[in-house]
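Peer 1: Numbering (the working numbering), first residue to last: 764 to 809. Even for Gly, the Cβ is constructed at its ideal location relative to N, Cα and C. Sending over a structure as structure tokens; questions will come in a sec.
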């Protein structure tokens, strides 16, 4: 897969976890923090 495809998959997962987090009343910081960590890992593997 191309890096762009992987990026969209990760963004989609982040959005999904964020929606699940809000719907279950979890802290928004956890959802946003998780997306930030995933983004950093993605850039680190480039």
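Determine whether the beta carbon atoms of residue 779 and residue 805 lie at a separation below 9 Å.
Peer 2: As a position in the chain shown, residue 779 is number 16, starting the count at 1. As a position in the chain shown, residue 805 is number 42, starting the count at 1. Not a contact, by the Cβ cut-off of 9 Å.
Peer 1: Are the Cβ atoms of residue 781 and residue 795 separated by less than 9 Å?
Peer 2: Your numbering for residue 781 matches position 18 in the chain shown. Your numbering for residue 795 matches position 32 in the chain shown. Closer than 9 Å, so yes.
Peer 1: Could you compute how far the alpha carbon of residue 777 sits from the alpha carbon of residue 807?
Peer 2: As a first step, residue 777 must be located in the chain shown, where it is residue number 14. As a first step, residue 807 must be located in the chain shown, where it is residue number 44. Cα to Cα, the separation comes out at about 17 Å.
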